[in-house]
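Protein chains: 2
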Amino acid sequence: MAELTGLQKQYILHWGEMGTKWGINRTVAQIHALLYLSPKPLPAEEIAETLSVARSNVSTSIRELETWGIVRAVHVLGDRREHYESMKDVWEMFRLVIEQRKRREIDPTREMLRRCLAELDPKEAGADYTRDRLEAMAGFFEAVTELHDQMKRLPTGTVRKLLRMGTKMRKKAG
Amino acid sequence: MAELTGLQKQYILHWGEMGTKWGINRTVAQIHALLYLSPKPLPAEEIAETLSVARSNVSTSIRELETWGIVRAVHVLGDRREHYESMKDVWEMFRLVIEQRKRREIDPTREMLRRCLAELDPKEAGADYTRDRLEAMAGFFEAVTELHDQMKRLPTGTVRKLLRMGTKMRKKAG
DNA sequence: TCTGTTATTCAGTCTGTACTGAACTAACCG
DNA sequence: CGGTTAGTTCAGTACAGACTGAATAACAGA
């Protein structure tokens, strides 16, 4: 993995751009892409060189990937350095990321909506209208949460089964 | 809607923050929040004043919301100005946003993955490994696309039905 | 304990995006 | 046609977050 092939470059650069569009740091995404494609764990030094970023940047980015649980440090015999490897199960990887983003962003929004509904003064002008809007939005977030809870409990394969069931339902209905 | 209640402020500010975390411009998100809560369409001028941003900023932000199809201009009798209103159907709103983001971000990624797989030279060292990784990732994106296609065709209510079906399946399986 | 290597932290800098305000265009009206 | 109001464009600026590099900490081996 010392020198990148054109293909690897393509993948890594694209992944980096994708990341930024979804609020994920470009370097973090690139490092993840690199580790995902790498057949063996890589030390920070090599990651830094390969992607032309500072060692310190690699350090913090790796830390973030570890927080998400999609990258972990492993030890290589006869080498003091930490080597990092990415999880290879794509479905599990996305499940982990989605779970955390839900916790960080969806859950607080749900709380905010509940707080707003609780605080809403019925005597205030337009309270009914506001309540309707907030409840509609809250309902959506509750449903998303429900969907997520179910996904979380289902084994990976079952999601695909559900996909197929959806196809059937659609065919019958149409 | 001249002066915001504490509750409206809370909602709008939170929505703005949420936006930034998902790669959506803060002002765009705030304007959307404001219009969503507003019982009547608002002119750009009023939006600018209420949120303390420049008129020009409102102009470009509204344009973006219009591109997404979740805000539209309406005319009020006896007023030359354009007034803007948000779609109120939350499910439809998210469906639209997701559809566009899929088109802008998921689809290009799928293409990139296909291109990579096509370009992959089997003679190159480690080609088998790379192919496995790329195919796993491509499979995921194909599944997401399939899921999205089905969601798109189902009427809103059916998604909730599927949610319930999922619950049953889980109970049986568990 | 000292030495060399690896990892982390952090103050300062850089960069890309958001935002402003001024200039411009378009539409309407007397 | 002027004058007025609404809407858009764009060059320049401001700002938040990303990134660097130097300092520091942690640690293994001698």
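Chains as they are written, first to last, in the working numbering: chain D, 38 to 211; chain V, 38 to 211. Yeah, the Cβ is synthetic: ideal placement off N, Cα and C, and Gly gets one too. In this text the structure is predicted, and so the values were computed from the model without any measurement.
Can you pull the chain D neighbours of residue i, defined as C-beta to C-beta under 8 Å?
i      : result
V:G163 : P76
V:V127 : A173, M174, G176, F177
What does DSSP give as the partner residue(s) for residue i in the beta ladder?
i      : result
V:V108 : V:S123
D:L79  : D:Y121
Could you confirm whether any beta carbon from chain V is found closer than 8 Å to the beta carbon of residue i?
i      : result
D:H51  : yes
D:A66  : no
D:G60  : yes
D:A91  : no
D:R117 : no
D:E40  : no
Under 8 Å Cβ-Cβ, which residues of chain V neighbour residue i?
i      : result
D:M124 : Within chain V, no residue comes near D:M124; the closest Cβ sits about 11 Å away, beyond 8 Å.
D:L44  : C153, E156, L157, T167
D:T87  : Result: empty, since nearest Cβ-Cβ is about 15 Å, beyond 8 Å.
CB-CB under 7 Å to residue i, same chain, minus the five flanking residues each way: which ones, in chain order?
i      : result
V:V95  : I68, A81, I84, A85
D:T146 : F178
V:Y48  : A70, L74
V:H51  : none
Contact criterion: CB-CB distance below 8 Å. Does residue i meet it with respect to chain D?
i      : result
V:R132 : no
V:W105 : no
V:R170 : yes
So residue i contacts chain D; which residues on that side make the cut at Cβ distance below 9 Å?
i      : result
V:R147 : Near V:R147 there are no residues of chain D at all, since even the closest Cβ is about 11 Å away, more than 9 Å.
V:Q47  : M149, R152, C153, E156
Below 6 Å CB to CB, which residues in the same chain sit around residue i once its five sequence neighbours on both sides are set aside?
i      : result
V:Y73  : S123
V:P78  : V111, H120, Y121, E122
D:S98  : T64, V65, I68
V:D144 : none
Considering only residues of the same chain and omitting the five flanking positions on each side of residue i, which have a CB-CB separation below 8 Å?
i      : result
D:G53  : R63, T64, A66, Q67, A70
D:E136 : H185, K189
D:L157 : A164, T167, R168, L171
Could you name the residues of chain D that residue i contacts, counting a contact when the two beta carbons are closer than 7 Å?
i      : result
V:E142 : M55, K58
V:R109 : Per Cβ cutoff of 7 Å: no residues; V:R109 is ~17 Å from chain D at best.
List the residues of chain V whose Cβ lies closer than 9 Å to the Cβ of residue i, in chain order.
i      : result
D:Y121 : Within chain V, no residue comes near D:Y121; the closest Cβ sits about 16 Å away, beyond 9 Å.
Original post:
Okay, do the region 96 to 112 of chain D and the region 122 to 131 of chain D touch, 3+ Cβ pairs below 8 Å being the bar?
Top reply: yes
Original post:
Is the region 76 to 86 of chain D in contact with the region 78 to 90 of chain V, if contact means three or more CB pairs nearer than 8 Å?
Top reply: no
Original post:
Taking three-plus beta-carbon pairs below 8 Å as touching, is the region 148 to 155 of chain D in contact with the region 175 to 193 of chain D?
Top reply: yes
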